[in-house]
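*Asks:* Numbering (this note's numbering), first residue to last: 79 to 222.
We treat Cβ as the ideally placed atom computed from N, Cα and C, and that holds for glycine.
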Amino acid sequence: MATEEFIIRIPPYHYIHVLDQNSNVSRVEVGPKTYIRQDNERVLFAPMRMVTVPPRHYCTVANPVSRDAQGLVLFDVTGQVRLRHADLEIRLAQDPFPLYPGEVLEKAIPLDENEGIYVQDVKTGKVRAVIGSTYMLTQDEVLW
79 MATEEFIIRI
89 PPYHYIHVLD
99 QNSNVSRVEV
109 GPKTYIRQDN
119 ERVLFAPMRM
129 VTVPPRHYCT
139 VANPVSRDAQ
149 GLVLFDVTGQ
159 VRLRHADLEI
169 RLAQDPFPLY
179 PGEVLEKAIP
189 LDENEGIYVQ
199 DVKTGKVRAV
209 IGSTYMLTQD
219 EVLW
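1) Quick check on DSSP: helix, strand or coil for Glu167?
2) With a CB to CB cut of under 8 Å and the five nearest residues on each side skipped, what residues in its chain are close to Asp165?
3) What's the call for His95, buried or exposed, on a 16-neighbour Cβ count within 10 Å?
4) Can you tell me whether Gln148 is helix, strand or coil according to DSSP?
5) Could you spell out the range, first to last residue, of the beta strand (DSSP E) harbouring Tyr91?
6) Which same chain residues end up closer than 7 Å to Gln172 when comparing Cβ atoms and leaving out the 5 residues on each side of it in sequence?
7) For Arg163, is the classification buried or exposed, using 16 other Cβ atoms within 10 angstroms of its Cβ as the cut-off for buried?
8) Please return the same chain residues whose Cβ sits closer than 7 Å to the Cβ of Thr112, not counting the five positions on each side in sequence.
9) Report the rounded CA-to-CA distance for Ala124 versus Arg145, giving the unit in angstroms.
10) Does DSSP classify Ala124 as helix, strand or coil?
11) Hey, is the region 100-107 in contact with the region 149-160, meaning 3+ C-beta pairs nearer than 8 Å?
12) How many angstroms separate the CA atom of Thr138 from the CA atom of Ile168?
13) DSSP has Tyr136 in a bridge; who is on the other side?
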């Protein structure tokens with residue numbers, strides 16, 4: 079759902095995708111920021127929370143961005159991020175990160191602040207509630 083507002087407030091640890099309709103290139107804008115949309119741009123969705131991977135957890139990203147030796151994201155001549163299509167990248171605990179256009183997060187359960195799920199540990203059988211933000215199941219957990 080695109081937003082037509084000209085001034086978008088991006089809170090800390092949130093991001094948006096912006097489509098430049100002249101060049102047909104999508105880019106990421108990361109908060110905290112007050113973003114002013116140009117006439118030729120379209121914001122593809124409202125500010126989304128960055129992906130947070132807790133310690134001793136992981137997430138899988140399909141079609142990850144290409145990076146150089148220093149870990150910087152690579153762009154093609156038009157300014158679009160370069161993706162490694164049909165590839166999977168496992169990301170371990172790290173600082174919160176945005177998903178670039180084309181990247182797909184797998185094994186995540188997005189939750190709003192007032193939502194929750196029950197998770198069962200398959201080894202111990204214990205069930206616990208997880209409330210708020212995105213949650214990634216560990217290898218020993220299933221939805222209950």
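*Replies:* Short version:
1) As a working mapping, residue 167 is identified with position 89 in the sequence shown. Glu167: strand per DSSP, three-state reduction.
2) Taking the first residue of the sequence shown as 1, we reach residue 165 at position 87. Only Ala140, Asn141, Pro142 meet the Cβ criterion.
3) Against the sequence shown, residue 95 aligns to sequence position 17. Counting Cβ neighbours within 10 Å, His95 comes out buried, since at least 16 surround it.
4) The residue labelled residue 148 in the question sits at position 70 within the sequence shown. If DSSP states are grouped into helix, strand and coil, Gln148 belongs with coil.
5) As a position in the sequence shown, residue 91 is number 13, starting the count at 1. Run containing Tyr91: none; DSSP gives neither H nor E here.
6) What you label residue 172 is simply residue 94 of the sequence shown in a count that begins at 1. Only Val131 meet the Cβ criterion.
7) Against the sequence shown, residue 163 aligns to sequence position 85. Contrary to the premise, residue 163 reads as His rather than Arg in this sequence. That one is exposed.
8) One-based indexing of the sequence shown puts residue 112 at position 34. Excluding residues within five positions, the ones whose Cβ falls inside 7 Å are Ile85, Arg87.
9) Within the sequence shown, the letter at position 46 stands for residue 124. Within the sequence shown, the letter at position 67 stands for residue 145. Cα to Cα, the separation comes out at about 27 Å.
10) Start at 1 with the first residue of the sequence shown, and residue 124 comes out as number 46. The answer is coil: DSSP assigns Ala124 none of H, G, I, E or B.
11) yes
12) Your numbering for residue 138 matches position 60 in the sequence shown. Your numbering for residue 168 matches position 90 in the sequence shown. In a straight line, the C-alpha of Thr138 is about 5 Å away from that of Ile168.
13) For the purposes of this step, residue 136 is taken as the residue at position 58 of the sequence shown. Answer is Leu170, bridged to Tyr136.
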